[in-house]
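Residue numbers (my numbering): 1 to 344.
Backbone N, C-alpha and C define an ideal beta-carbon position, used for all residues, glycine too.
Below is one structure, written out as structure tokens; comments come after it.
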Ligand code: SF4
Ligand code: SF4
């Protein structure tokens, strides 16, 4: 199975309920950023640049929990910054799981091996932790490439050590790889083989996006893929990595290969951070709202997405289009492909 059955069941029942009883827009995954501070300084990271003025601020656990309840999404992606340097991270995970949610705990993996004992202790007190919390470790290539992108020698080895330890401790572990112009298919295959040996549960591959916050004066930012380059790259990814556990759904892969059009559904993947509810999406910022309701109702959704906003022209990111690939996969053939893909 590509994703745990409990996650699949929660998501399916939630979507069915929302589609039957509330016709409007609804969230699938809450991106919760309790802090933006990080122990790395990656070339492609918008967060540490855009939020440099609030980098020392944090949401309290109570604010985090209120946001989880406010959104109501069945999945909470705890990201940042680096969530493992959030002092109350174990308490936060515990409380989010007690609310019946599933967690992607997104990390650069540098502290994963060291912090694992605390999560193992939590899992011993609370049996749902191993079932409902999934590590999501950021690895952008093999050693040389990854260390260059995150600008730290030894970062790859630390992340791999963390992944190995988390698998040995019985946790679900997924990985997250961003593709840049320099990424080669051979290196991706090498990485996928390594993850297979480590028994990684799934590998997420996403195209990098050159949003304004990433662009620093004096750099040409020539490492982000354009829309046409994304099509070309993902056709090759689909052809050559199909035997590995890639987590992009079939419809989302069709979209990344340029074989299907999808609208941006950024409202289904809201971001909550120290400044509020970030609108319109995880990548670009016009405003931060005080509540999820305001974020949803006061953002003009007709003005975002490909063809509507110049900032969206090259964007094919999962935060806008992966929920769309789930929400708009209504054809019988889509559902059959999705079911087959899930059990592979
Ligand atoms: S690890 Fe993540 S949050 Fe930290 S600098 Fe890199 S991309 Fe940004
Ligand atoms: S297409 Fe959607 S996810 Fe991408 S930048 Fe625009 S609003 Fe954000």
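- Secondary structure at residue 16: helix, using DSSP grouped into helix, strand and coil.
- When the alpha-carbon of residue 195 is set against those of 289, 161 and 40, the nearest one is in 161.
- With contact defined as three or more Cβ pairs closer than 8 Å, the region 225-244 and the region 276-288 are not in contact.
- Residue 29 places its beta carbon 9 Å or farther from that of residue 339.
- Residue 264 sits away from residue 231, with the two beta carbons spaced by 9 Å or more.
- Distance between residue 271 and residue 65, taken at the CA atoms: about 14 Å.
- The region 87-101 makes contact with the region 65-76, as at least three CB pairs between them are under 8 Å.
- Under the DSSP assignment, residue 301 falls outside any beta strand (DSSP E); it carries neither an H nor an E label.
- In this structure, DSSP gives residue 55 a state outside helix and strand, which the three-state scheme calls coil.
- DSSP places residue 341 in no beta strand (DSSP E) but in the uninterrupted alpha helix (DSSP H) bounded by 332-343.
- The criterion of a C-beta distance shorter than 9 Å is satisfied by residue 262 and residue 328.
- DSSP places residue 228 within a helical segment (H, G or I) once states are collapsed to three.
- Apart from the 5 residues on each side of it in sequence, residue 138 sits with its Cβ closer than 6 Å to the Cβ of 108 and 176 in its chain, given in chain order.
- According to the DSSP assignment, residue 62 belongs to no beta strand (DSSP E) but to the alpha helix (DSSP H) extending over 61-71.
- Each residue's CA atom was taken as its position, placing residue 166 and residue 308 some 42 Å apart.
- Pairing residue 16 with residue 342 gives a Cβ-Cβ distance that is not under 9 Å.
- Cβ neighbours of residue 48 within its own chain (closer than 6 Å, five residues either side excluded): 38.
- For residue 104, the enclosing beta strand (DSSP E) has its first and last residue at 102-107.
- Comparing alpha-carbon positions, the option among 136, 153, 182 and 184 lying closest to residue 164 turns out to be 136.
- In the DSSP assignment, residue 29 forms a beta bridge with 75.
- In this structure, 31 is the residue among 31, 19, 291 and 3 with its C-alpha nearest to the C-alpha of residue 266.
- With fewer than 16 other beta carbons inside 10 angstroms of its own, residue 125 counts as exposed.
- Between the alpha carbons of residue 51 and residue 333 lies a distance of about 43 Å.
- Residue 157 has its alpha-carbon roughly 42 Å from the corresponding atom of residue 299.
- In the DSSP secondary-structure assignment, residue 176 is bridged to 138 and 204.
- Two segments are said to touch when three or more pairs of C-beta atoms, one from each, lie closer than 8 Å; by this definition the region 198-206 does not touch the region 148-156.
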